[in-house]
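Enquirer: Going down the list, the protein sequences come from chains G and W. If you're matching positions, the first sequence starts at 22 in the numbering used here and goes up one per residue. If you're matching positions, the second sequence starts at 666 in the numbering used here and goes up one per residue. Think of the CB as a built atom: it goes at the ideal place given N, C-alpha and C, for glycine as much as any other residue. Source: prediction; values computed, not measured. Here's a structure for you.
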Amino acid sequence: MRPPRNFYVRSFQRGAGMLSRVADNLYWMSRYLERAEHTARLVDVELQLWLDQSPEAGAGRWRFLLEALRTPAPAGEVNPDNLVNTLVFSRANHSSIVSCISIARENLRHVREQCSSEMWEQLNRLYLEVIDNQPADSWILKSHSFFRAVQEGAHLFQGITDSTMSHGEGWQYIQLGRFVERAETISCLTGTHFKRMAFTPEQAVESAEYLEWVGLLRGCGAFEAYCKAYTAEIVPIRAAEFLLLNPDFPHSVRFSVDRVNAALHVIGDLTERKAKLPVRIAGRLRAQLSFSQIEEILAGGAYSYLENVRAECGAIHSAIHQIYFDYPVETEMAS
Amino acid sequence: MQPPHGEQLALLRKPAMTSSAIPARNLAYSSFVNYQLDKAYDEMFEAPGVPRPQYRALHQTLLGLPPEELRKSQQAADLSFLHEGITFTVYGNKEGTERIFPNDLVPRIILAREWAQIEKGLTQRITALNLFLKDIYHDGKILNDGIVPRELIYSCRHFRREMRGLSVPRDIYVNICGTDLVRLPDGSFAVLEDNLRVPSGVSYMLANRKVLKRVFPTMFQDYGVWPIDHYPQALLATLRSMAPANCPLRADPTVALLTPGVGNSAYFEHTFLAQQMGIELVEGRDLLVHNNVVYMRTTSGLRRVDVIYRRVDDDFVDPLCFRRDSILGVPGLFNAYRAGNVTLANAIGTGVADDKAVYAYVPEIIRYYLDQDPIIPNVQTFLMTNDKHRKHVLEHLDTMVVKAVGESGGYGMLIGPHSSVLQREAFRARIQADPRNYIAQPTLSLSSAPCLIDGEVESRHIDLRPYILFGEKVTLVPGGLTRVALPKGSLVVNSSQGGGSKDTWVLRETPTKGDFRVVNGANFETFVAPSDTADAAV
């Protein structure tokens, strides 16, 4: 039988729990970095697709992109230049790549002593690299390397985090932030796509729309993994199943929710709190995803199903805040 | 800008001094071409072209290096500081508010016997100053005996009446002290000022060492330099020894470092020290006081805090007690402190002993409490409240350095020889309006040391700030922060005024002449691309 967690080390460790502010910073840092990575991947994929399309078909996809990223459209005419400005450089848009990485770094800077020096150095380097870019004429055509750098920088940061930071409570908040954000962004992207496209679930998509579906899978970093599972023939129901319910693919909704759930359980143990609320919501969502069948989901409408997933993620987020980061002092004193 | 004493001094010319000692390839160029000696004590040279024995190996190494290589090493070091985020914040400048603290790659070397003297002197000083603080916040014997004038203490901006009659653990008020030393032209050290409130800079001392170890690995071994890496551990031991009597777990108190937050100029240092000590870095909003006990808000509920290493000034510690508009502090903290439920390090009100006018009395203070002569002397200081002193100073303003008594960081200073008539007149008026607020000292020629300036070695003025820890015992890590006045001829070393710093090597043994092995130039490694030809010591 396995001894309980901390069976051997507990007596030497200092008191349980970490500063609420620190946990909060780690959580947000991780969310913002995940968001930057997602936006970079998606915009990159969209730009590639744009090059393959006629100008008329291209116009519509920008609106879709903004909707998938939940970003309000920039003022005036929407064209690739001001779009990239909004999604990549804008400081006014808190979800632009530059903003996300700046905010992630600022969050980590507040808690530098809690992460490893390697983590800080990597994020700081990524930040310095990103702010070095300025919007300029035809920047867009050379932008691939930039988006690659953002994604690689984020991946490197994750690898460094996993191999240099103790997988204790702080690391769990980083996991939590990353996977709450991922569950939300993937739900949003996939939901928007299914709402927009006309499709027959069981029928492989034709050439005219093939690129759109490839775009969806690429936007989730899932194209290659999908091909391995189902070959390059894209059938909407399979794509939906893969992105929503696959238990092993790290960018599926189910995988993300599983991780959120696991992190919440460990945090509950470590803080010695019976934090019923977030665990209950996450558990419910996890059960839903584990036992749903894709046919039912599509029959009821993928969009509304995914909107519900997003709402549940929001509820988990609020519950985490309420229990761990910003609890009222009076209740603590009373207990 | 003129050098401080105006004279054009002997230029060091390469051929005469180096022809026999170094390999031929180095004769093409010497990085010391523009090196000047002046009246000040020079750390490296005892005479033009003749390095002191302890600097000979270093001198040889530097001679062998072309400017590009020096420049490259310096850039690599700067980059590593930037990437590690070893920066300080410049106030009042929105964009680019983070700046690296300039680091100079040429180490400053202190002999074992010099260090022994410094260590003894500073131990004596911190012991006496603690006795002094205890006395003025309790019985005031030294005031009754007329050694230090009563009005001087009570008119001090940093005197805290709230501390009267309050006992602190171990009777130690100053746990962490940074004392600024200067080397006078005769080679002896003197105390320029004490920093008894929240001295900073120790993280740069450690960072400089880390970088230098990468740049001069073999020289480190050959020289026999005392390590300093145990500073954070010593600091933690000092803080833990200060646990209050009421602490429930006295053997294992909870220590936290209180920072004003990410906007503070020394924020990097706060994170660095907290990380190295393995303690929580807290902001005011993380703490709360309930029933005179301090807690921090953690994810598993509230946890009691026993010792706070506070890097927040007295004024901002507790809005209920000091500045009401402070949002950096913790409401009720001072009451918890008074109740003996938490220790603040340093104690509140230590600033009274580093007031620049009280400084003038420190030799008397040492004699009064310890019945000893000061081991390290003070710099001659004129008190503006003394009529004779003031008259003398006002007549010689152009040769004096005038300082506001309660300021630090190089603010509120007049440097006579470098000042304009207008500035001098402004200070004259200020001194006459408020004599208690100013002191004056003769302009010192701070010792100078070789520094890398754009690939060449030039001389710049330096001082030395060793860090003294006082808990169960007095601890000094061998070395300190050598601060450099980077603008040519400048005498101001503060980081806020364009100063930099360099690593300080305290040698394990004092060398006798010719004791040092000369290290071949090729040993100098740029740490981006370590040379393969290292470690061929002659």
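1) How many whole angstroms separate the CB atoms of leucine 108 (chain G) and valine 66 (chain G), which I take to be in contact at a CB cut-off of 8 Å?
2) For serine 853 (chain W), go through chain G and note every residue whose CB falls closer than 9 Å to its CB, in chain order.
3) When you check each C-beta in the segment 957-990 of chain W against every C-beta of chain G, which residues fall closer than 7 Å?
4) With H, G and I counted as helix, E and B as strand and the rest as coil, what does DSSP make of methionine 1246 (chain W)?
5) Please classify glutamine 135 (chain G) as buried or exposed, where buried requires at least 16 neighbouring CB atoms within 10 angstroms.
6) Label proline 1131 (chain W) either buried or exposed according to how many other C-beta atoms from any shown protein chain fall within 10 Å of its C-beta, with 16 as the threshold for buried.
7) Taking three-plus beta-carbon pairs below 8 Å as touching, is the segment 996-1003 of chain W in contact with the segment 806-815 of chain W?
8) In this structure, does DSSP put glycine 1179 (chain W) in helix, strand or coil?
9) List, in chain order, every chain C residue whose beta-carbon is nearer than 7 Å to that of valine 927 (chain W).
10) Where do the N-terminal and C-terminal ends of the beta strand (DSSP E) with arginine 773 (chain W) fall, by residue?
11) Three or more beta-carbon pairs under 8 Å between the segment 211-229 of chain G and the segment 322-331 of chain G, yes or no?
12) Thinking asparagine 911 (chain W) and asparagine 1006 (chain W) are a contact (beta carbons under 8 Å), I'd like their distance in whole angstroms, please.
13) Got a sec, what are the start and stop residues for the beta strand (DSSP E) valine 813 (chain W) sits in?
14) Would you tell me roughly how many angstroms separate the C-alpha atoms of arginine 829 (chain W) and threonine 1108 (chain W), rounded to the nearest one?
15) Beta-carbon within less than 7 Å of glycine 866 (chain W)'s beta-carbon, same chain only, minus the 5 sequence neighbours each way: which residues are those?
16) How should arginine 943 (chain W) be labelled, buried or exposed, when 16 other C-beta atoms within 10 angstroms of its C-beta is the threshold for buried?
17) Quick one: grab the DSSP three-state call for isoleucine 1040 (chain W).
18) State the Cα-Cα distance for the pair leucine 147 (chain G) and tyrosine 251 (chain G), rounded to the nearest angstrom.
19) Taking leucine 162 (chain G) as the reference, which of G:Arg301, G:Tyr348, G:Gln69, G:Ser41 has the closest Cα?
20) Skipping 5 residues on each side, what residues in its chain have a beta carbon closer than 6 Å to that of glycine 1120 (chain W)?
21) Label glycine 191 (chain G) either buried or exposed according to how many other C-beta atoms from any shown protein chain fall within 10 Å of its C-beta, with 16 as the threshold for buried.
22) In chain G, which residues lie with their C-beta within 9 Å of the C-beta of aspartate 951 (chain W)?
23) So, do the segment 708-722 of chain W and the segment 1132-1146 of chain W have three or more beta carbon pairs nearer to each other than 8 Å?
24) Go to isoleucine 1013 (chain W), then tell me how far its beta strand (DSSP E) extends in each direction, as first and last residue.
25) Can you confirm whether threonine 185 (chain G), when its beta carbon is compared against all beta carbons of chain W, has any partner nearer than 8 Å?
26) Is the Cβ-Cβ distance between isoleucine 791 (chain W) and phenylalanine 1135 (chain W) less than 8 Å?
27) Between which two residues does the beta strand (DSSP E) containing phenylalanine 824 (chain W) stretch?
28) Specify the secondary structure class of serine 184 (chain G) as computed by DSSP and reduced to three states.
29) Please list, in chain order, all residues of the same chain as glutamine 193 (chain G) whose beta carbon is under 8 Å from its beta carbon, the five residues on each side excluded.
30) Among W:Leu1079, W:Ile807, W:Tyr802, whose alpha-carbon lies nearest the alpha-carbon of serine 832 (chain W)?
31) For glutamate 948 (chain W) and arginine 42 (chain G), which I take to be in contact (beta-carbon distance under 8 Å), what is that distance rounded to the nearest angstrom?
32) Would you mind listing the beta strand (DSSP E) stretches within the segment 861-932 of chain W that are 3+ residues and don't spill past its ends, in chain order?
33) Any chance the segment 154-171 of chain G sits against the segment 956-964 of chain W, with 3 or more Cβ pairs inside 8 Å?
34) Answer yes or no: does any C-beta atom of chain W fall closer than 8 Å to that of serine 11 (chain G)?
35) Am I right that aspartate 1168 (chain W) and leucine 877 (chain W) are in contact with their C-beta atoms under 8 Å? What's the rounded C-beta distance?
36) Can you pull the chain G residues whose beta carbon is under 7 Å from the beta carbon of threonine 936 (chain W), in chain order?
Expert: So, from the listed chains and residues:
1) At roughly 13 Å, the Cβ-Cβ gap does not stay under 8 Å, so leucine 108 (chain G) and valine 66 (chain G) are not in contact.
2) Correct list: empty, because the minimum Cβ distance to chain G is about 40 Å.
3) Met961, Arg962, Thr963, Thr964, Ser965, Gly966, Leu967, Arg968
4) Lying before the first or after the last residue shown, residue 1246 (chain W) is absent from chain W, which here runs from 666 to 1203.
5) buried
6) buried
7) no
8) Low confidence applies to glycine 1179 (chain W): its pLDDT is 43, below 50, so where it sits in the model is not reliable, and the reading given next is rough at best. Of the three classes helix, strand and coil, the one that applies to glycine 1179 (chain W) here is coil, per DSSP.
9) No chain C is present in this structure, whose protein chains are G and W.
10) 768-775
11) yes
12) 5 Å
13) Per DSSP, valine 813 (chain W) belongs to no beta strand (DSSP E) and is neither H nor E.
14) 37 Å
15) Gly843, Arg1130, Leu1146
16) A small correction: the amino acid at residue 943 (chain W) is glycine; arginine does not occupy that position in the sequence shown. Under this definition glycine 943 (chain W) is an exposed residue.
17) coil
18) 36 Å
19) G:Gln69
20) Pro732, Leu735, Arg736
21) buried
22) Leu40, Ser41, Arg42, Val43
23) no
24) That residue, isoleucine 1013 (chain W), is in no beta strand (DSSP E); it is neither H nor E in DSSP.
25) no
26) yes
27) Taken as a continuous stretch (DSSP letters only), phenylalanine 824 (chain W) belongs to no beta strand (DSSP E), as it is neither H nor E.
28) helix
29) Ala284, Val287, Ile288, Leu291
30) W:Tyr802
31) 7 Å
32) 920-923
33) no
34) A query on residue 11 (chain G) cannot be resolved here, the shown segment of chain G reaching from 22 to 356 and no further.
35) 4 Å
36) Arg133, Glu134
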